[in-house]
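**Q**
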Amino acid sequence: MRDTGEGPARGPLAPASGGEITQEPLIPKDAFESTEAEGTLGAEEELWLADPETAKLAGGAQSILDAESDNEFSGELIDCEIEANTAAHKSPAAVVGDLRTRRKVLLGHAERLGRMLGTSGTHPLGDWREQRIIEKPHYQRLKGKLGWLIRRNNTFSVHVHYAVRGREKAVYLFDRLREYVPHLLALSVNSPFWQGENTDMHSARILVFSRSIHRAGLPEPLGRWENYAKYIDFARRSGAIHSLSEVWWDVRPHPGLGTMEVRAFDAQTDVRRTEALVTLTAALCDALSAEFDSGDLRPIRPSREIEENKWSAQRYGLHGTFSDHETHEARPTLAFIEELLDYLAGASGRDLSAIAALAEEPTESERQLEVFRETGSLAEVARDISRRTGELTAN
Numbered sequence: 001m002r003d004t005g006e007g008p009a010r011g012p013l014a015p016a017s018g019g020e021i022t023q024e025p026l027i028p029k030d031a032f033e034s035t036e037a038e039g040t041l042g043a044e045e046e047l048w049l050a051d052p053e054t055a056k057l058a059g060g061a062q063s064i065l066d067a068e069s070d071n072e073f074s075g076e077l078i079d080c081e082i083e084a085n086t087a088a089h090k091s092p093a094a095v096v097g098d099l100r101t102r103r104k105v106l107l108g109h110a111e112r113l114g115r116m117l118g119t120s121g122t123h124p125l126g127d128w129r130e131q132r133i134i135e136k137p138h139y140q141r142l143k144g145k146l147g148w149l150i151r152r153n154n155t156f157s158v159h160v161h162y163a164v165r166g167r168e169k170a171v172y173l174f175d176r177l178r179e180y181v182p183h184l185l186a187l188s189v190n191s192p193f194w195q196g197e198n199t200d201m202h203s204a205r206i207l208v209f210s211r212s213i214h215r216a217g218l219p220e221p222l223g224r225w226e227n228y229a230k231y232i233d234f235a236r237r238s239g240a241i242h243s244l245s246e247v248w249w250d251v252r253p254h255p256g257l258g259t260m261e262v263r264a265f266d267a268q269t270d271v272r273r274t275e276a277l278v279t280l281t282a283a284l285c286d287a288l289s290a291e292f293d294s295g296d297l298r299p300i301r302p303s304r305e306i307e308e309n310k311w312s313a314q315r316y317g318l319h320g321t322f323s324d325h326e327t328h329e330a331r332p333t334l335a336f337i338e339e340l341l342d343y344l345a346g347a348s349g350r351d352l353s354a355i356a357a358l359a360e361e362p363t364e365s366e367r368q369l370e371v372f373r374e375t376g377s378l379a380e381v382a383r384d385i386s387r388r389t390g391e392l393t394a395n
């Protein structure tokens with residue numbers, strides 16, 4: 001689901017009616033008021049390119065971008081990374097149908113370039129020092145601002161969009177979705193390795209990206225639309241950001257598209273798992289939307305409590321414990337996943353069977369660790385990711 005996040009701010013400073021130089025606002029005037037039908041879905045998937053001989057990250061994204069539509073593919077920080085974008089659809093299956101099609105196109109380009117194509121939260125042995133940041137002005141600006149932090153951000157995710165009508169409703173979904181970031185992460189962990197090391201994490205992506213950059217990770221609750229608008233105005237006028245795409249929260253409003261964007265997932269090698277996660281996002285947003293419409297508003301949890309559960313998901317995946325926000329008691333993570341699915345079964349009309357299956361299967365992170373135990377080679381882990389990215393796309 002393609003949008004640069006730049007919005008009205010692309011142009012230069014403009015004179016106001018009184019001759020004063022002002023900045024155009026980043027948030028469109030009709031944000032969350034003129035949008036796709038509520039519940040419309042879209043997604044973006046980040047994939048990597050690697051050298052077949054060494055299995056290490058290798059460039060080629062710019063060559064692909066020169067040959068393809070910028071509505072379907074976009075550059076993403078480094079020349080070994082490319083993002084596939086879907087159209088807007090009513091069903092998760094149609095969204096993932098687009099992702100399958102995009103993967104097939106990329107597999108063709110990878111063969112032409114002599115590259116392996118894969119996707120996972122991090123590349124098992126890629127060295128960030130060897131990667132070239134693409135010439136896109138947005139990323140060159142971030143390189144100048146964030147330096148070492150942005151250069152080492154060789155991470156890969158899948159982002160899911162859900163269209164929302166109404167600004168206050170968008171804020172309610174934003175505030176409530178935060179509570180479930182740990183659940184979404186636990187189901188999607190796919191990055192146990194970083195720079196050739198076993199990190200003892202099931203999601204090293206979280207450590208490298210959202211815990212190192214100050215505008216990334218779990219956001220504070222907003223409460224009201226006015227608070228979001230004030231923050232964006234503060235960040236823009238102070239020069240902290242030039243576009244909305246420089247706010248990298250785990251969940252973020254996307255005023256340009258009129259969507260809530262869920263960014264908590266590690267990228268999934270198995271595209272069938274991606275479909276289940278898109279379905280889960282849609283069902284969760286359906287339920288929270290119904291809460292808002294009925295006036296049955298639920299408590300908004302503090303970030304410090306959610307962070308404890310997020311840490312467990314990052315460290316242990318599905319096999320840790322979460323703390324109950326009401327009783328403060330710790331219970332197995334899987335028990336909380338089951339409770340969430342029970343709630344969604346009664347609040348959403350979507351088929352949740354594929355999501356329930358995710359909780360019973362090894363995560364993608366566990367798959368990587370198993371391949372490493374069997375082979376003792378991170379190059380073989382990367383090759384397995386690449387092979388499965390291609391094979392599972394064709395099915």
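Sequential numbering from 1 applies to the sequence shown in the UniProt record's numbering.
Here a beta-carbon is modelled for each residue, glycine too, at the ideal position from N, C-alpha and C.
These figures come from a predicted structure and were not determined experimentally.
1. Quick check on F174: buried or exposed, where buried means 16 or more other Cβ atoms within 10 Å of its Cβ?
2. Using the C-alpha atoms, what's the distance from M260 back to H242?
3. Select from T122, S69, E46 and S188 the residue whose C-alpha is nearest the C-alpha of I337.
4. Give every residue of the same chain whose Cβ lies closer than 7 angstroms to the Cβ of N309, excluding the five residues on either side of it in the sequence, and list them in chain order.
5. Give me the Cα-Cα distance between R211 and E179, rounded to the nearest whole angstrom.
6. Are D79 and Q140 closer than 8 angstroms when you measure CB to CB?
7. Ordered along the chain, which non-local residues of its own chain (more than five positions away) have a Cβ less than 6 angstroms from that of R152?
8. Could you give the distance in angstroms between the alpha-carbon of T22 and the alpha-carbon of S289?
9. Compute the beta-carbon to beta-carbon distance between I232 and L149, rounded to the nearest angstrom, for a pair I have assumed lies under 8 angstroms.
10. Closer than 6 angstroms by C-beta to P219: which residues in its own chain qualify, once you throw out the five before and the five after it? Chain order, please.
11. Let's test the definition: count the other Cβ atoms within 10 Å of the Cβ of H328 and tell me whether it reaches 16, buried, or not, exposed.
12. So, helix, strand or coil for E76, using DSSP?
13. Report yes if the CB atom of T119 is closer than 8 angstroms to the CB atom of N154, and no otherwise.
14. Where do the ends of the alpha helix (DSSP H) carrying G317 lie?
15. As a quick exercise: from D70, G60, D293 and L41, pick the residue whose alpha carbon is nearest that of T279.
16. With the cut-off set at 8 angstroms, would you say H161 and T363 are in Cβ contact?
17. Of all the CB atoms in chain D, is at least one closer than 8 angstroms to the CB of E36?
18. If distances are taken between C-alpha atoms only, which option among I355, L340 and L369 comes closest to Y316?
19. Taking Cβ to Cβ, would you say A84 is nearer than 8 angstroms to R115?
20. By how many angstroms is the C-alpha of G223 removed from the C-alpha of E68?
21. Using a 10 Å radius around the Cβ and a threshold of 16 neighbouring Cβ atoms, would you call A264 buried or exposed?
22. With three or more C-beta pairs closer than 8 angstroms as the rule, is the segment 51-71 touching the segment 290-308?
**A** In short, the structure shows the following:
1. Counting from 1 along the sequence shown, the entry for residue 174 is found at position 174. F174 comes out buried.
2. In the sequence shown, counting from the first residue as 1, residue 242 sits at position 242. In the sequence shown, counting from the first residue as 1, residue 260 sits at position 260. About 20 angstroms.
3. As a working note, residue 337 is residue 337 in the sequence shown. Here the closest residue by C-alpha is S188.
4. Within the sequence shown, the letter at position 309 stands for residue 309. So the list reads P182, F322 and S323, once near-sequence residues are dropped.
5. The residue labelled residue 211 in the question sits at position 211 within the sequence shown. The residue labelled residue 179 in the question sits at position 179 within the sequence shown. The alpha-carbon of R211 is positioned some 17 angstroms away from that of E179.
6. Indexing the sequence shown from 1 puts residue 79 at position 79. Indexing the sequence shown from 1 puts residue 140 at position 140. Contact flag unset, no.
7. The residue given as residue 152 occupies position 152 in the sequence shown. Within the same chain, R152 has close Cβ partners W128.
8. Counting from 1 along the sequence shown, the entry for residue 22 is found at position 22. Counting from 1 along the sequence shown, the entry for residue 289 is found at position 289. For T22, the predicted structure reports a pLDDT of 45, less than 50, and the residue's modelled location is therefore unreliable. A value from the coordinates is still provided. Computed Cα separation, rounded: 36 angstroms.
9. On the sequence shown, residue 232 is found 232 positions in, with the first residue counted as 1. On the sequence shown, residue 149 is found 149 positions in, with the first residue counted as 1. About 22 angstroms separates the two Cβ atoms, so there is no contact after all.
10. Here residue 219 is taken as the residue at index 219 of the sequence shown, counted from 1. Non-local C-beta neighbours of P219 in its own chain, meaning closer than 6 angstroms and more than five positions away in sequence, comprise W249, ordered along the chain.
11. As a position in the sequence shown, residue 328 is number 328, starting the count at 1. Around the beta-carbon of H328, fewer than 16 other beta-carbon atoms lie within 10 Å, marking it exposed.
12. Translated into positions along the sequence shown, residue 76 becomes position 76. Under the three-state reduction of DSSP output, E76 falls in the coil class, being neither helix nor strand.
13. If you number the sequence shown from 1, residue 119 lands on position 119. If you number the sequence shown from 1, residue 154 lands on position 154. No.
14. The sequence position of residue 317 within the sequence shown is 317, counting from 1. Premise fails: G317 is in no alpha helix (DSSP H) and is neither H nor E.
15. Position 279 of the sequence shown, counted from the start, is the residue given in the question as residue 279. Per the Cα distances, L41.
16. For this step, residue 161 is matched to residue 161 along the sequence shown. For this step, residue 363 is matched to residue 363 along the sequence shown. No, they are not a contact pair.
17. Of the protein chains in this structure there is only one, and it is not chain D.
18. Within the sequence shown, numbered from 1, the residue matching residue 316 stands at position 316. For Y316, the nearest C-alpha among the options comes from L369.
19. Stepping through the sequence shown from its first residue, residue 84 is reached at position 84. Stepping through the sequence shown from its first residue, residue 115 is reached at position 115. When the beta-carbon positions are compared, A84 and R115 stay at least 8 angstroms from each other.
20. The residue you call residue 68 lines up with position 68 of the sequence shown. The residue you call residue 223 lines up with position 223 of the sequence shown. Just so you know, the alpha carbons of E68 and G223 end up roughly 41 angstroms apart.
21. Working through the sequence shown from its first residue, we reach residue 264 at position 264. Looking at its Cβ environment, which holds 16 or more other Cβ atoms inside 10 Å, A264 is buried.
22. Contact annotation: the segment 290-308 does not touch the segment 51-71, with fewer than three C-beta pairs closer than 8 angstroms.
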